[in-house]
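A short worksheet on the structure shown next.
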Amino acid sequence: MKYNIAFGLMTASLLAANAFAEDAASAESAAESKGPEVAISGEVEFDAYTGDLLNDDEVTHSYASTFDLNFAVKFNDQWSAEVQLEADGETADPAAIYNGAFVQYTKSENFVIKAGDLTFSEGAFQNYYEYDDPADNAVGMAEHDIRGVEVDYNGFVFGLGFGRGDNDNQVCDVEDGEESCVGVAYDAHVAYELGLGEQTIRPYVDYKSYQEPKHNELHAGIDANLKFGGVGLHAVYGLHMDNLGEDDPGATHAFLVEPSLEVGPVNVKGSVFYAYFDEDAPIDHGDEIPEYFFAYAEPSFSLLETLTLGIPVEFHSNSTDVNEDKSTFNLGARAYFTPVEGLDFTGIAKVVIPVGDDADNEKVGLSFGLETVFAF
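Plus 7 on top of the position in the sequence shown (first one is 1) and you've got our numbering.
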């Protein structure tokens, strides 16, 4: 009898285990039949600023708006993809456009391959609020968009592809009265991020060719982030060269030092930037390097967990020509209000005082602003 009971219990256990396995397999199959997982994230910023309230005849205002929307698609643990939409402009209603898509294969944490629309930037400003968007400004290299491939392996980054968007250059032909244009730029990017605890050091090189005689460009340098308790230091050196095929190509050397200190509710951060331009062959960097020198410091104090007040003090050359003296001294106040995680308000008041010899006709100005950012 005991053997029959034991046999019966064993049989029942096996049947139950088999049923459980079938249910698990069925559940896994059902999960797979639902298709890929889709996650939506994004960020919205809408800003409003006054004009110069002391000198303008009328009270003027300006806007800036940004909308980023990302769709991340996970097919399984190895394969995923992402598509991005973006609207960005100094207006209240920028148009939303396709901003890129890529497919990603993840072999492991340290080995990832991407193919599609990719973006590289190096040496972004971290502390100074007006230049902290790498799409516009950077010490090392503002954003370069490509359509190609990227390999990330143990901190090593290699990207190669054709220029995309503003990073592309076109040649155009007219045939039978119709103009047709094709892109010709291609871009290669190499970087290595060495992490030592909280310290990171990142050397990089980026080469872009226009496929024109003597016309190509090189960005190279090193970006270091160091942290020792409440003391931080961000430092960047960026080399920018243009027309590499020339006997004496133009070169710009850019330097940035950004210290920070945090002690309890007190925080102090700063930025000092200087760019040396080749006088014989100066490069026009556009917005990437907006001026040859500025210095900024902002002590701040957290009054509440959600409210911080800062006093920014700034000196700006306001020019890329060292022979022009359009410098100003800026003094203001900034209030940072974060009622919940993911939602930030920043109120701004700024006084601009002309101090340069070439700014004799300028007057002291006063402006205000409010920036609102939320992420999801």
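Idealized CB from N, CA, C, for every residue including glycine.
The structure displayed is predicted, hence computed values, not measured ones.
Terminal residues of the beta strand (DSSP E) in which residue 194 lies | Here residue 194 refers to the residue found at position 187 of the sequence shown. Segment 193 to 199, the beta strand (DSSP E) holding residue 194.
Just the Cα atoms here: how many angstroms apart are residue 176 and residue 256?
-> Start at 1 with the first residue of the sequence shown, and residue 176 comes out as number 169. Start at 1 with the first residue of the sequence shown, and residue 256 comes out as number 249. Answer to the nearest angstrom: the Cα atoms are 20 Å apart.
For residue 30, which three-state DSSP category applies?
-> Taking the first residue of the sequence shown as 1, we reach residue 30 at position 23. Note that residue 30 scores a pLDDT of 45, beneath 50, so its modelled location is shaky and nothing firm can be said.
Could you give the residue range of the beta strand (DSSP E) that holds residue 55?
-> Taking the first residue of the sequence shown as position 1, residue 55 is located at position 48. Residue 55 -> beta strand (DSSP E) spans 44 to 57.
To which residues of the same chain is residue 61 closer than 8 Å at the C-beta, ignoring the five residues directly before and after it?
-> In the sequence shown, counting from the first residue as 1, residue 61 sits at position 54. These residues qualify, in order along the chain: 370, 371, 372, 373.
Residues near residue 165 by beta carbon distance below 6 Å, same chain, minus five either side = In the sequence shown, the residue the question calls residue 165 occupies position 158. These residues qualify, in order along the chain: 158, 197.
Roughly how many angstroms separate the alpha carbons of residue 249 and residue 63, rounded to a whole number?
-> Here residue 249 refers to the residue found at position 242 of the sequence shown. Here residue 63 refers to the residue found at position 56 of the sequence shown. For residue 249 and residue 63, the distance between alpha carbons rounds to 40 Å.
Got a sec, what are the start and stop residues for the beta strand (DSSP E) residue 152 sits in?
-> For the purposes of this step, residue 152 is taken as the residue at position 145 of the sequence shown. Residue 152 -> beta strand (DSSP E) spans 148 to 160.
Mapping DSSP to helix, strand and coil, what is residue 274?
-> In the sequence shown, counting from the first residue as 1, residue 274 sits at position 267. Note: residue 274 maps to strand in three-state DSSP.
Range of the contiguous beta strand (DSSP E) that encloses residue 181 = Against the sequence shown, residue 181 aligns to sequence position 174. For residue 181, the enclosing beta strand (DSSP E) has its first and last residue at 177 to 182.
Other residues of its chain near residue 384: CB distance less than 6 Å, five sequence neighbours each side excluded | In the structure displayed, the chain extends from 8 to 383; residue 384 sits before or after that span and is not available.
When you compare only the Cα positions, how much space is there between residue 364 and residue 333?
-> Looking up residue 364 in the sequence shown gives position 357. Looking up residue 333 in the sequence shown gives position 326. Residue 364 and residue 333: Cα-Cα distance of roughly 7 Å.
Start-end ranges of the beta strand (DSSP E) lying completely within the segment 84 to 137, minimum 3 residues | 86 to 96, 104 to 115, 118 to 129
Based on the DSSP secondary-structure assignment, which residues constitute the bridge partners of residue 306?
-> Translated into positions along the sequence shown, residue 306 becomes position 299. In DSSP, residue 306 forms a bridge with 275.
Assigned secondary structure, residue 63 (DSSP; H/G/I helix, E/B strand, else coil) | Counting from 1 along the sequence shown, the entry for residue 63 is found at position 56. Coil.
Leaving out five residues on either side along the sequence, give the residues of the same chain with a beta carbon under 7 Å from the beta carbon of residue 167.
-> Numbered from 1 along the sequence shown, position 160 holds the residue referred to as residue 167. Once the five neighbours on either side are set aside, the close Cβ partners of residue 167 are 155, 156, 195.
Could you have a look at residue 166 and say whether DSSP puts it in helix, strand or coil?
-> For the purposes of this step, residue 166 is identified with residue 159 of the sequence shown, where counting begins at 1. Strand.
Whole angstroms is fine: what's the gap from residue 131's alpha carbon to residue 145's?
-> As a working note, residue 131 is residue 124 in the sequence shown. As a working note, residue 145 is residue 138 in the sequence shown. For residue 131 and residue 145, the distance between alpha carbons rounds to 4 Å.
Could you check how far apart the C-beta atoms of residue 282 and residue 259 are, in whole angstroms? I think they sit under 8 Å.
-> The residue given as residue 282 occupies position 275 in the sequence shown. The residue given as residue 259 occupies position 252 in the sequence shown. At roughly 6 Å, the Cβ-Cβ gap stays under 8 Å, so residue 282 and residue 259 are in contact.
Rounded separation between residue 119 and residue 303 - CA only = In the sequence shown, the residue the question calls residue 119 occupies position 112. In the sequence shown, the residue the question calls residue 303 occupies position 296. Distance from the CA atom of residue 119 to the CA atom of residue 303, rounded to whole angstroms, is 38 Å.
Candidates 280, 269, 95: closest to residue 263 by CA position | For the purposes of this step, residue 263 is identified with residue 256 of the sequence shown, where counting begins at 1. Taking only the C-alpha atoms, the option nearest residue 263 is 280.
With burial defined as no fewer than 16 other Cβ atoms inside 10 Å of the residue's Cβ, what is the status of residue 38: buried or exposed?
-> For this step, residue 38 is matched to residue 31 along the sequence shown. Caution is warranted here: a pLDDT of 47 is assigned to residue 38, below 50, making its placement in the model unreliable, and the coordinate value is therefore given only provisionally. Under this definition residue 38 is an exposed residue.
Candidates 133, 101, 193, 84: which alpha carbon is nearest residue 230's?
-> Position 223 of the sequence shown holds residue 230. Looking only at 133, 101, 193, 84, the smallest Cα-Cα distance to residue 230 is reached by 133.
Among 96, 108, 135, 139, the one whose alpha carbon lies nearest that of residue 126 | Residue 126 sits at position 119 when you count from the first residue of the sequence shown. For residue 126, the nearest C-alpha among the options comes from 108.
Cβ of residue 77 within 8 Å of Cβ of residue 49?
-> Position 70 of the sequence shown, counted from the start, is the residue given in the question as residue 77. Position 42 of the sequence shown, counted from the start, is the residue given in the question as residue 49. Yes.
Quickly, what does DSSP pair residue 41 with across the bridge? List them, please.
-> As a first step, residue 41 is located in the sequence shown; it is residue number 34 there, counting from the start. Paired residue(s): none; residue 41 is not in a bridge.
Which residues in the same chain have their Cβ closer than 7 Å to the Cβ of residue 381, if we skip the five residues on either side of it in sequence?
-> Reading the sequence shown from its first residue, position 374 is the one you call residue 381. Apart from the 5 residues on each side of it in sequence, residue 381 sits with its Cβ closer than 7 Å to the Cβ of 51, 349, 350 in its chain, given in chain order.
Under 8 Å by Cβ, that's how I've got residue 307 and residue 317 pegged, so tell me the actual separation to the nearest angstrom.
-> Position 300 of the sequence shown holds residue 307. Position 310 of the sequence shown holds residue 317. Confirmed, Cβ separation roughly 4 Å.
Taking just the CA atoms, how far does residue 85 sit from residue 116?
-> Your numbering for residue 116 matches position 109 in the sequence shown. Your numbering for residue 85 matches position 78 in the sequence shown. Cα-Cα distance, rounded: 11 Å.
Distance CB(residue 72)-CB(residue 94) smaller than 8 Å = Start at 1 with the first residue of the sequence shown, and residue 72 comes out as number 65. Start at 1 with the first residue of the sequence shown, and residue 94 comes out as number 87. Yes, the Cβ-Cβ distance between residue 72 and residue 94 is below 8 Å.
Give the single residue among 129, 163, 356 whose Cα lies nearest to the Cα of residue 149.
-> Translated into the one-based positions of the sequence shown, residue 149 becomes position 142. Per the Cα distances, 129.
Helix, strand or coil for residue 249, going by three-state DSSP, please let me know.
-> On the sequence shown, position 242 is the one that residue 249 refers to. Strand.
Which residues DSSP lists as bridging residue 211, in chain order | Within the sequence shown, residue 211 is the residue found at index 204, counting from 1. Looking at the DSSP assignment, residue 211 forms a beta bridge with 198, 228.
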